[in-house]
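Heads up: the protein sequence lines correspond to chains Y and C, in order. The numbering used here applies: residue 4 is where the first sequence begins, and numbers increase by one. The numbering used here applies: residue 4 is where the second sequence begins, and numbers increase by one. Data first, discussion second: the structure below is written as structure tokens.
2 protein chains.
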Amino acid sequence: MTLPFIASGLAILYSFCLMHWVLKQPQGSPDMIKIADAIAEGSRAYLKRQTINTFFIAIPLVALLAYFLSLNTALGFLLGATASAIAGFLGMNMAVKTNLRTAQSAKKGLKSALNIAFKGGSVTGMLVVGLALLVVSLFYLVTKDLQALIGLGFGGSLISVFARLGGGIYTKGADVGADMVGKIEKNIPEDDPRNPGVIADLVGDNVGDCAGMAADLFETYAITLIAAMLLADIVFKQTALVIYPLTLGSLAIISSIIGSFFVKLPKSRKIMTALYQGLIASGILALILFYPATAALTATLTGVSTMALYLSSLIGILITALFVLITEYYTSRSFKPVKTIAEASTTGHGTNIIAGLGISLKATFLPVLVIALASLAAFQLAGLFGVAIAATSMLSLTGIIVAIDSFGPITDNAGGIAEMTQQPAEVRKVTDSLDAVGNTTKAITKGYAIGSAGLAALVLFSAYTQELTHAGQALKFDLGNPYIIAGLFIGASLSYLFAAYSMEAVGKTAMAVVKEVRRQFKQIKGLMAGKAKPQYGRCVDIVTQAALKQMVVPALIPVIAPLIVGFCLGAEALGGLLIGSIVTGIFVAISMTTGGAAWDNAKKYIEAGEYGGKGSLAHQAAITGDTVGDPYKDTAGPAINPMIKILNVVALLIAGFLA
Amino acid sequence: MTLPFIASGLAILYSFCLMHWVLKQPQGSPDMIKIADAIAEGSRAYLKRQTINTFFIAIPLVALLAYFLSLNTALGFLLGATASAIAGFLGMNMAVKTNLRTAQSAKKGLKSALNIAFKGGSVTGMLVVGLALLVVSLFYLVTKDLQALIGLGFGGSLISVFARLGGGIYTKGADVGADMVGKIEKNIPEDDPRNPGVIADLVGDNVGDCAGMAADLFETYAITLIAAMLLADIVFKQTALVIYPLTLGSLAIISSIIGSFFVKLPKSRKIMTALYQGLIASGILALILFYPATAALTATLTGVSTMALYLSSLIGILITALFVLITEYYTSRSFKPVKTIAEASTTGHGTNIIAGLGISLKATFLPVLVIALASLAAFQLAGLFGVAIAATSMLSLTGIIVAIDSFGPITDNAGGIAEMTQQPAEVRKVTDSLDAVGNTTKAITKGYAIGSAGLAALVLFSAYTQELTHAGQALKFDLGNPYIIAGLFIGASLSYLFAAYSMEAVGKTAMAVVKEVRRQFKQIKGLMAGKAKPQYGRCVDIVTQAALKQMVVPALIPVIAPLIVGFCLGAEALGGLLIGSIVTGIFVAISMTTGGAAWDNAKKYIEAGEYGGKGSLAHQAAITGDTVGDPYKDTAGPAINPMIKILNVVALLIAGFLA
């Protein structure tokens with residue numbers, strides 16, 4: 004039980020070293036600093052308000068948990084919520100410092116820009132896994148209360164759903180609003196300083212893609228660890244096996260730190276290859292370390308096969324590799340899907356959207372097939388615990404995955420700063436090519452998060468049935484039972500309802516931004532000519548208000564729905580609901596995150612000179628596709644993952660009362 | 004066992020009387036006749052080729068069924084396929100004759116146009132239910148072989164999936180292609196005679212919305228009857244109960260014929276009210292007739308409660324009513340959702356699409372909740388047979404529902420003929436207002452078809468488990484079993500994959516049309532000035548080729564997938580697949596059909612003068628939304644229903660081999 008503390012300590016220490024290194028890098032010219040400061044200020048102000056609002060909603064929940072369950076559970080909830088908020092805040096804070104330095108180093112070329120952006124991203128990645136492993140291990144060590152650990156997961160998930168929703172509505176409301184007037188109506192480039200919505204858009208990248216993503220992966224990592232520990236306790240009642248998931252997490256953190264040194268631009272100058280090198284090194288190292296750890300564990304136990312457990316962990320790493328490859332295929336500018344959308348843009352807005360929707364639907368098939376077959380294989384090897392280990396092992400690489408993801412929004416912001424301070428075109432070209440790869444890696448992380456939820460579905464469901472059994476109600480969940488079917492349908496509807504609210508929220512926010520941006524272009528004389536300055540702050544205010552207001556209703560859906568279904572239709576229907584939500588959730592999430600990234604990169608493909616390049620009819624259509632893809636990939640899609648987790652955690656917490 | 008023959012005879016007789024009456028109505032001017040003839044010729048030519056192609060695929064299946072199952076099953080398959088094809092062909096044939104007469108009568112005003120269009124639609128409606136009831140009853144009477152009836156359902160479903168796909172790709176490939184150049188690039192009205200794609204577009208309405216819809220509802224009606232009969236046999240082993248679904252179907256046909264006389268334009272001149280009158284009258288009459296029939300049946304049996312069965316049938320009628328109201332809310336120009344999309348169009352293409360996608364996601368919640376709660380209630384009343392009776396009763400109104408639906412594409416075509424022959428604007432206004440209501444009723448029919456599939460899911464699933472039990476393998480389908488979960492995920496992925504192929508097919512076809520239409524505008528001198536004629540035939544050919552080619556792959560998915568999953572992963576996984584496909588299928592289908600109709604009517608709302616009316620920026624954005632909604636509502640969405648039925652039927656047929 005010392006290893007998790009060593010590993011999480013290492014991760015946190017390493018991230019502080021990186022932070023120190025990044026902060027020493029040159030910041031660029033005063034006008035760049037000025038813009039970066041404005042972005043940082045807006046981001047911090049928003050995140051502060053979002054956190055305060057969220058905690059106001061969390062306080063009654065703490066009281067309810069303490070009253071109905073236990074003080075430990077309530078404390079766990081508070082700890083999880085606080086740690087998730089800290090992960091988000093630190094991740095974002097690092098991003099707003101790295102963006103400027105990346106913009107400056109982009110003047111020197113691709114290699115140095117990638118280096119700084121990736122190191123900045125690694126800070127977030129290592130902090131997320133370090134903090135998650137630390138709080139789970141510490142809380143378990145102190146309380147030995149697995150029930151209370153569920154509370155910790157709940158806290159993390161609640162913050163995460165608010166962060167994904169609030170951040171997502173913010174970032175895409177601003178982005179869509181700014182783009183629709185700037186790029187489509189006024190035909191000025193992205194991030195042009197004349198656009199009144201540009202600062203809000205850049206703030207959005209940080210609060211959504213950095214803070215929201217960090218909180219999301221924090222909860223995904225923590226919940227998966229907790230579910231595996233819970234299952235080990237239920238199935239084997241052996242402390243050694245309960246700690247095993249923490250061991251795998253620890254070893255993978257060490258592997259990820261070493262692996263991150265392999266991220267170097269190769270001679271081919273392919274950015275994706277650089278990132279793959281780091282990921283592959285981390286995965287291989289993790290697999291090398293997992294074997295002796297597994298052998299040492301099973302040597303002390305009877306009836307548990309080393310190979311069965313080890314191969315289950317291998318399956319987890321394999322799923323990650325396949326997810327990365329599949330997502331790259333569907334979202335990279337080098338393959339057919341993105342090119343198809345780009346080609347469809349030549350015939351107009353409508354065919355662009357139809358092609359993109361087709362790709363987004365299709366992109367779900369292979370990932371889901373991988374999850375289905377992998378869970379079967381893991382089950383054959385080591386039963387339900389095998390599935391839990393596969394999920395843990397899959398998520399154990401979260402540190403390096405987040406690092407690979409975070410560099411995307413950092414370079415996106417760096418590009419914005421370059422554009423606003425009118426740097427030479429080469430600088431923007433460097434940040435653009437990093438940003439395009441970032442779209443793919445962002446889609447990978449989101450697919451990875453929801454994919455792990457699909458894999459963990461069986462584990463969480465069985466934890467739920469075991470809770471019911473403990474409470475004296477052993478149920479069968481047969482598909483021939485109409486309560487199960489009704490629960491399945493209702494659960495399935497939640498992903499759709501939740502996604503609908505998210506899309507609506509972005510639509511409304513974007514419309515408000517469009518109106519304000521149009522107003523400024525009309526009323527501020529000389530704005531279009533570059534002689535007057537826009538009122539950036541007005542747009543920031545509009546988006547802040549809208550995001551804070553509109554995140555509340557969808558975020559409460561997963562808290563309230565299990566209570567209604569559980570207490571009105573019973574424990575069987577609630578079981579159906581859990582499975583139903585993941586069955587549609589995985590499709591809604593993957594189709595949206597992958598489809599959105601494909602639309603974005605189809606636009607970038609055209610901007611790189613294909614089909615008439617910037618300003619062509621195809622480009623206009625591609626911008627529409629990108630606009631639609633924005634809330635898909637950055638608001639509705641990624642928020643599904645924490646939503647499903649909350650459903651499961653709430654069901655686990657109320658199981659005792661249903662029986 | 005004489006009632007079904009009397010009722011189906013009446014339905015067929017009544018439809019021939021209506022046909023006779025419609026054909027006597029004035030046809031209009033020679034130029035109108037010429038265009039209607041071109042549409043009819045294109046429609047018949049396409050449908051003939053589609054039917055021939057489909058039968059080539061069906062022949063090896065007949066041989067396989069005869070070899071592996073029984074001659075009866077193979078004969079049933081052939082009968083089902085033939086009857087479904089006939090229903091489609093007759094429905095379309097009537098539509099291409101009614102369109103012209105509706106255009107002519109629109110000169111006299113709304114009342115007479117509605118009268119002719121609805122009577123033409125009633126021909127299709129009565130033929131569909133008459134034929135379906137006739138073949139199911141006759142085949143059962145002759146063979147008494149319920150197994151072979153499943154073959155009949157398979158034949159109907161296979162034709163139906165090809166008709167929905169082929170017709171859907173045809174109609175929307177042509178529509179989208181013609182609109183994108185005509186309306187967006189050239190800014191000429193819909194159905195303008197200068198547009199080279201216009202005849203293909205009008206042909207499409209007939210082969211997709213008329214023939215495809217008729218085949219689809221034929222199979223939905225037949226499969227639901229068959230599933231209810233199968234369940235009655237399995238659960239009760241009483242012939243009287245096996246015939247009960249046929250009795251309900253017969254009585255509802257008589258009610259629908261009488262109800263159709265209540266369709267008359269009221270003083271408020273609200274078209275929807277006219278249609279509601281007919282539907283409400285049919286529903287009330289059916290409920291009045293169901294009671295004595297149920298009482299007479301239960302008097303001869305022990306252990307079956309009259310009220311339990313009767314209330315189950317009441318639930319079915321109630322679901323229909325709720326579906327109609329919910330769909331009208333989401334798709335009519337009078338309510339918030341459509342107005343929201345229209346408003347979002349004022350800020351551009353992107354916000355229009357985002358708003359439409361939001362509405363399409365949200366529109367799934369209430370219908371699915373209705374289905375979930377209704378199936379629970381019916382189960383409480385009379386067990387699984389109660390659910391089967393609710394489904395049968397829901398679909399028993401198919402005759403009047405199809406009549407209400409079919410008048411939509413007929414008036415759409417009538418509008419096209421009016422536009423092409425440059426009739427006064429009032430004529431177009433009459434057909435447009437009928438067409439807008441038609442969008443809502445089309446969405447109702449599609450939601451109704453997939454909704455009944457949701458309700459029948461439990462029945463079909465239990466028929467599958469019973470087949471396995473008969474074959475000596477009594478299985479439990481517990482959600483804790485990883486094979487069930489893997490099956491659920493794979494089944495769920497089929498709806499997405501199928502929809503993706505459908506969207507892709509429309510996108511590709513539309514792009515081909517856009518290129519051809521652009522070419523003609525460029526190369527044919529004087530076309531835009533109206534001095535030269537376009538080559539309509541070229542577009543018809545392109546769309547025909549594309550539709551026939553691209554319908555094959557998606558149509559084979561539901562035939563092949565259950566074989567692979569069943570024989571590779573086993574009967575449990577296949578059971579999971581069946582439920583998984585309906586869980587995502589109902590959402591994909593309802594979101595697409597309702598969302599598509601909402602987009603279309605948002606455009607019509609703007610065209611009626613809101614937000615700047617025709618030619619405004621909002622109108623351009625609304626056209627993009629309509630374009631995207633087209634394949635959603637008329638290709639991918641509606642084809643999901645027969646796809647799910649095929650999955651179930653194939654599973655039922657192979658169950659004996661899996662055990």
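Quick reminder that beta carbons are idealized off the backbone N, C-alpha and C, glycines included. Predicted model only: the values in this text are computed from it and were never measured.
The beta carbon of Ala495 (chain C) sits closer than 7 Å to those of Gly583, Ser584, Val586, Thr587, all from its chain and outside the five residues before and after it, given in chain order. Closest by C-alpha distance to Ala289 (chain Y), out of Y:Lys445, Y:Thr303, Y:Asp34, Y:Leu317, is Y:Leu317. Rounded to the nearest angstrom, the Cβ distance from Pro412 (chain C) to Cys213 (chain C) is 5 Å, consistent with a contact under 8 Å. For Asp182 (chain Y), the enclosing alpha helix (DSSP H) starts and ends at 149-182.
Under the 10 Å beta carbon count, Lys528 (chain C) is surrounded by fewer than 16 other beta carbons and is classified as exposed. In the same chain as Tyr504 (chain Y), and ignoring 5 residues on each side of it, the C-beta atoms closer than 7 Å to its own belong to Val556, Pro557, in chain order.
At least one CB atom of chain C sits nearer than 8 Å to the CB of Ser594 (chain Y).
By the CB criterion at 8 Å, Asn604 (chain C) and Ala452 (chain C) fall outside the cutoff. Spatial neighbours of Ala109 (chain Y) in its own chain (CB-CB distance under 7 Å, excluding positions within 5 residues in sequence) are listed in chain order as Ala116, Ala417, Ala421, Val430, Val433, Thr434. Ala495, Ser496, Tyr499, Leu500, Ala502, Ala503, Met506, Glu507: these are the residues of the segment 495-507 of chain Y whose beta carbon lies less than 7 Å from some beta carbon of chain C, given in chain order.
Straight-line spacing of the CA atoms in Ile322 (chain Y) and Thr250 (chain C) works out to 54 Å. DSSP places Val405 (chain C) in the uninterrupted alpha helix (DSSP H) bounded by 401-423.
Annotation: the segment 447-531 of chain Y contains the following complete segments of the alpha helix (DSSP H) (minimum length 4 residues), in chain order: 485-526. Closest in C-alpha terms to Gly159 (chain C), from the list C:Leu6, C:Ala86, C:Ala592, comes C:Ala86. When secondary structure is reduced to three states using DSSP, Ala611 (chain Y) falls in the coil class, being assigned neither helix nor strand. Not a single CB atom of chain Y sits nearer than 8 Å to the CB of Phe239 (chain C).
The count of Cβ pairs closer than 8 Å, one atom from the segment 60-67 of chain Y and one from the segment 128-142 of chain Y, stays below three, leaving the stretches out of contact.
Residue environment: His622 (chain Y) is assigned as buried (16 or more neighbouring CB atoms within 10 Å of its CB, all protein chains considered). Within chain Y, the residues Gly483 have their CB atoms less than 7 Å from the CB of Ser465 (chain C), given in chain order. Remark: C-beta atoms of Ala230 (chain Y) and Ala459 (chain Y) approach each other more closely than 8 Å. Shortest Cα-Cα distance from Lys445 (chain C) to any of C:Ala592, C:Lys186, C:Lys147 involves C:Ala592. In this structure Leu360 (chain C) is buried. Its beta-carbon is surrounded by 16 or more other beta-carbon atoms within 10 angstroms. For Phe382 (chain C), the C-beta contacts it makes with chain Y under 7 Å involve Pro485, in order along the chain. In terms of CA proximity to Ile356 (chain C), Y:Ala513 leads the group Y:Phe368, Y:Gly215, Y:Leu437, Y:Ala513.
Distance from the CA atom of Gly598 (chain C) to the CA atom of Lys636 (chain C), rounded to whole angstroms, is 7 Å. Across the segment 622-639 of chain Y, CB contacts with chain C closer than 7 Å involve Thr627, Thr630, Val631, Pro634, in sequence order along the chain. For secondary structure counted as the alpha helix (DSSP H) over 4 or more consecutive residues, the segment 209-246 of chain Y holds these complete runs in sequence order: 216-239. Contact annotation, Ala611 (chain C) with Leu478 (chain C): C-beta distance approximately 57 Å; criterion of less than 8 Å not satisfied.
C-alpha of Ile36 (chain C) to C-alpha of Asn96 (chain C): approximately 15 Å in a straight line.
In this structure, Val99 (chain C) places its C-beta atom within 8 Å of the C-beta atom of Ile42 (chain C).
Only those residues of the segment 360-371 of chain C whose C-beta falls short of 7 Å from the nearest C-beta of chain Y are listed: Leu360, Gly361, Leu364, Lys365, Thr367, Phe368, Val371. With a cut-off of 8 Å on Cβ pairs, the segment 395-410 of chain C is not in contact with the segment 516-527 of chain Y, counting fewer than three such pairs.
Going by C-alpha positions, Ala345 (chain C) is about 41 Å away from Leu314 (chain C). Sixteen is the threshold: when 16 or more other Cβ atoms of the shown chains lie within 10 Å of the Cβ of Ala642 (chain C), as they do, the residue is buried. Residues of the segment 643-655 of chain Y that bring their beta carbon within less than 8 Å of a beta carbon in chain C are absent altogether. Ala366 (chain C) sits in coil when the DSSP states are folded into three classes, being neither helix nor strand.
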